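**Q** Here it is, the structure, as structure tokens.
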Ligand SMILES: Cc1cc2nc3c(=O)[nH]c(=O)nc-3n(C[C@H](O)[C@H](O)[C@H](O)COP(=O)(O)OP(=O)(O)OC[C@H]3O[C@@H](n4cnc5c(N)ncnc54)[C@H](O)[C@@H]3O)c2cc1C
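In the working numbering, the protein residues as written are 97 to 363.
What follows is the structure, given as structure tokens:
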């Protein structure tokens, strides 16, 4: 499904107000952004791409891999937020693309599925501390489909003379996503989940075991389901990588809702 906006934004719900986001953004040292959905496309059958646009983006200076924190609705008296990685940033066009995996039945997924051109969006950003390591010669990106936007955005920022090793789990054939990586790419690129359930680390652990890692100084970036991220970090360490050459970040947790601040439950 594809749609695009050609008229003004719909009114914003009061509870997703700019004032609250401005206070939070100031505390975090980032920007409060009032945006509008400009396009909503099904990138694949399991991934929805939303293009958000607005003049506030003129001041955004995101690093590859950084995200926006979107206000969705309220959970009790708290604003419920979810974080989505900036897949593309177009400063001249004042727009960002977010790619959202359509799995589970949470408020983030429902928001992405229902968003249409003209929908108002309040966000803050850029968030996130992980970007491309400057001291590495090769870069391993491994995780599930919620990590695909971060992995591909960072892989596209790797210089052409370096190497990218890519292993991203997706539902199956036909769910691969386009990218424009300048560096040489090794590894399986896409790992089909097939009959395994989301959050099962087996397909990516098998893919990692079958992947040769290049010589020289490498850096690993791991993202996705909570337990999957832990299992992959352990496996990468077993392959000889030092902990300070690994960034790992849980994005969601099997069977549990993320907290109102967008972070997976760590309890
Ligand atoms: C820094 C950061 C960056 C992120 N970037 C992206 C991004 O670019 N794209 C993206 O799609 N997501 C991304 N995420 C994850 C995203 O923020 C949400 O966690 C995700 O969209 C699920 O939110 P929800 O409200 O739909 O589900 P929740 O309310 O958190 O959970 C509801 C139910 O759905 C299940 N569930 C949640 N996610 C999945 C899944 N992927 N597969 C199967 N079941 C699931 C949960 O286990 C739970 O049972 C990121 C998270 C972080 C912390």
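Backbone N, C-alpha and C define an ideal beta-carbon position, used for all residues, glycine too. The structure presented is a predicted model; accordingly, all values stated were derived computationally and were not measured.
Starting from the C-beta of residue 227, find all residues in its chain whose C-beta is less than 6 angstroms away, skip the five residues before and the five after it, and write them out in chain order.
**A** Against the chain shown, residue 227 aligns to sequence position 131. Once the five neighbours on either side are set aside, the close Cβ partners of residue 227 are 159, 160 and 161.
**Q** Report yes if the C-beta of residue 116 is less than 7 angstroms from at least one heavy atom of ligand 1; otherwise report no.
**A** Residue 116 sits at position 20 when you count from the first residue of the chain shown. Not under cutoff, so the answer is no.
**Q** State the Cα-Cα distance for the pair residue 244 and residue 146, rounded to the nearest angstrom.
**A** Within the chain shown, numbered from 1, the residue matching residue 244 stands at position 148. Within the chain shown, numbered from 1, the residue matching residue 146 stands at position 50. Roughly 15 angstroms separates the two Cα atoms.
**Q** Ligand 1 heavy atoms versus the CB of residue 181: any closer than 7 angstroms?
**A** Position 85 of the chain shown, counted from the first residue, corresponds to residue 181. Correct: residue 181 has its Cβ closer than 7 angstroms to ligand 1.
**Q** If you measure from the CB of residue 200, is any heavy atom of ligand 3 nearer than 7 angstroms?
**A** The model on display carries ligand 1 but not ligand 3.
**Q** Considering only the alpha carbon of each residue, which of 267, 309, 220 and 274 lies closest to residue 129?
**A** By 1-based counting over the chain shown, the position of residue 129 is 33. Closest option to residue 129, Cα to Cα, is 220.
**Q** Hey, is residue 308 close to ligand 1, as in C-beta under 7 angstroms from one of its heavy atoms?
**A** The residue you call residue 308 lines up with position 212 of the chain shown. It does not: the Cβ of residue 308 is nowhere closer than 7 angstroms to a heavy atom of ligand 1.
**Q** Could you check where the alpha helix (DSSP H) with residue 332 kicks off and where it finishes?
**A** Taking the chain shown and counting its residues from 1, one reaches residue 332 at position 236. Counting along the chain, the alpha helix (DSSP H) containing residue 332 begins and ends at 322-334.
**Q** In chain order, what residues of the same chain lie with their CB nearer than 8 angstroms to the CB of residue 290, ignoring the 5 residues before and after it?
**A** Here residue 290 refers to the residue found at position 194 of the chain shown. Counting only Cβ-Cβ distances below 8 angstroms, and skipping sequence neighbours, we find 268 and 299.
**Q** Return yes when at least one heavy atom of ligand 1 lies under 7 angstroms from the C-beta of residue 197, else no.
**A** Position 101 of the chain shown, counting from 1, holds the residue named residue 197. Result yes, Cβ under 7 angstroms from ligand 1.
**Q** Measuring only the C-alpha atoms, how far is residue 253 from residue 275?
**A** As a working note, residue 253 is residue 157 in the chain shown. As a working note, residue 275 is residue 179 in the chain shown. Answer to the nearest angstrom: the Cα atoms are 11 angstroms apart.
**Q** Count the other C-beta atoms from every protein chain shown that fall within 10 angstroms of the C-beta of residue 345, then say buried if there are 16 or more, exposed otherwise.
**A** Mapped onto the chain shown, residue 345 falls at position 249. It counts as buried.
**Q** Would you call the region 172-182 and the region 198-212 in contact, with 3 or more CB pairs under 8 angstroms?
**A** Segments in contact, yes.
**Q** What would DSSP say about residue 337, mapped onto helix, strand or coil?
**A** Translated into the one-based positions of the chain shown, residue 337 becomes position 241. Of the three classes helix, strand and coil, the one that applies to residue 337 here is coil, per DSSP.
**Q** State the CB to CB distance for the pair residue 247 and residue 264, rounded to an integer number of angstroms; the pair is presumed to be in contact (CB under 8 angstroms).
**A** On the chain shown, position 151 is the one that residue 247 refers to. On the chain shown, position 168 is the one that residue 264 refers to. The Cβ separation is near 6 angstroms, so the contact holds.
**Q** State the CB to CB distance for the pair residue 149 and residue 132, rounded to an integer number of angstroms; the pair is presumed to be in contact (CB under 8 angstroms).
**A** Working through the chain shown from its first residue, we reach residue 149 at position 53. Working through the chain shown from its first residue, we reach residue 132 at position 36. Going by Cβ atoms, the distance from residue 149 to residue 132 rounds to 6 angstroms, so yes, they are a contact pair.
**Q** What do you reckon, are the CB atoms on residue 309 and residue 262 nearer than 8 angstroms?
**A** The count along the chain shown starts at 1 and reaches residue 309 at position 213. The count along the chain shown starts at 1 and reaches residue 262 at position 166. No.
**Q** When the distance is taken between beta carbons, is residue 142 closer than 8 angstroms to residue 231?
**A** By one-based count along the chain shown, residue 231 stands at place 135. By one-based count along the chain shown, residue 142 stands at place 46. Not a contact, by the Cβ cut-off of 8 angstroms.
**Q** Which ranges would you report for the alpha helix (DSSP H) in the region 176-247 if only whole runs of at least 4 residues count?
**A** Runs of the alpha helix (DSSP H) inside the region 176-247: 203-210.
**Q** Once you ignore the five residues that flank residue 296 on each side, which residues in its own chain have a CB closer than 6 angstroms to its CB?
**A** Sequence index remark: in the chain shown, residue 296 carries index 200 (1-based). If we look at residue 296 and ignore the five residues flanking it on each side, it has no Cβ neighbours.
**Q** Would you grab the beta carbon distance between residue 222 and residue 186 for me? Rounded to a whole angstrom, and I think it's under 8 angstroms.
**A** For this step, residue 222 is matched to residue 126 along the chain shown. For this step, residue 186 is matched to residue 90 along the chain shown. Not quite, the Cβ-Cβ distance comes to about 15 angstroms (not below 8 angstroms), so this is no contact.
**Q** Could you check what DSSP says for residue 386 in three-state terms: helix, strand or coil?
**A** Since the first residue of the chain shown is 97 and the last is 363, residue 386 is not available in this structure.
**Q** Using only the alpha-carbon positions, how far apart do residue 126 and residue 356 sit?
**A** Residue mapping note: residue 126 aligns to position 30 of the chain shown, counting from 1. Residue mapping note: residue 356 aligns to position 260 of the chain shown, counting from 1. Those two C-alpha atoms are separated by around 19 angstroms.
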